[in-house]
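Numbering (my numbering), first residue to last: -11 to 142. Every residue, glycine too, gets a C-beta built ideally from N, C-alpha and C. Working notes, beginning with the structure itself.
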């Protein structure tokens, strides 16, 4: 059975889309045809997307010390319909922040515990414009989730 990795991104500058695309490309490569990688803007994703996936990556800016509103909206729209249906789903966080990123991280982790989702790796927080090293780290996150899903670790 092919497993699905859902990668949601939010933001207006393109920075988080860069991180999400790097994660998606690496996940596709690492999954070796066994992982269906879906890359969606957070505002277009819904409960059906969440229920269909076997792993989740969210990429968001930190706006005013919090995640992007469109990602929060995704969580608001899916939280209650997902109760009892996504327990233990592995997830990872990519944050591109002008500040320290901690506000967005804490908020996402708190919401994830409520579903409850399981963190697959440490959040990646990038300060400012993503450079090549940041894109490589985002790729590692994507590859980690894809390999974990392929090997049945998650």
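* Asked: Is the segment 38 to 57 touching the segment 5 to 13 in the sense that three or more CB pairs, one from each, lie closer than 8 Å?
  -> yes
* Asked: Does DSSP put residue 48 in a helix, a strand or coil?
  -> strand
* Any idea what DSSP makes of residue 94, helix, strand or coil? -> helix
* Member of 2, 87, 67, 142 whose CA lies at the smallest distance from the CA of residue 104 -> 67
* Expressed to the nearest angstrom, what Euclidean distance is found between the alpha-carbon atoms of residue 143 and residue -6? -> Nothing about residue 143 can be read from this structure; the chain reaches only from -11 to 142.
* Asked: Is residue 93 buried or exposed, if buried means 16 or more other CB atoms sit within 10 Å of its CB?
  -> buried
* Per DSSP, what kind of secondary structure is residue 56 in: helix, strand or coil? -> coil
* State the Cα-Cα distance for the pair residue 72 and residue 39, rounded to the nearest angstrom. => 11 Å
* Rounded C-beta distance between residue 135 and residue 43? I'm assuming under 8 Å. -> With a Cβ gap of about 11 Å, residue 135 and residue 43 do not count as contacting.
* Enumerate in chain order the residues of its own chain whose CB-to-CB distance from residue 111 is below 6 Å, with the five nearest sequence positions on each side excluded. => 81, 93
* Rounded to a whole number of angstroms, what is the C-alpha to C-alpha distance between residue 57 and residue -2? -> 8 Å
* **For residue -8, three-class secondary structure by DSSP** => strand
* Buried or exposed: where does residue 121 fall if 16 or more other Cβ atoms within 10 Å of its Cβ makes it buried? -> exposed
* Measure the CB-CB distance between residue 14 and residue 131 and report whether it falls below 9 Å. => yes
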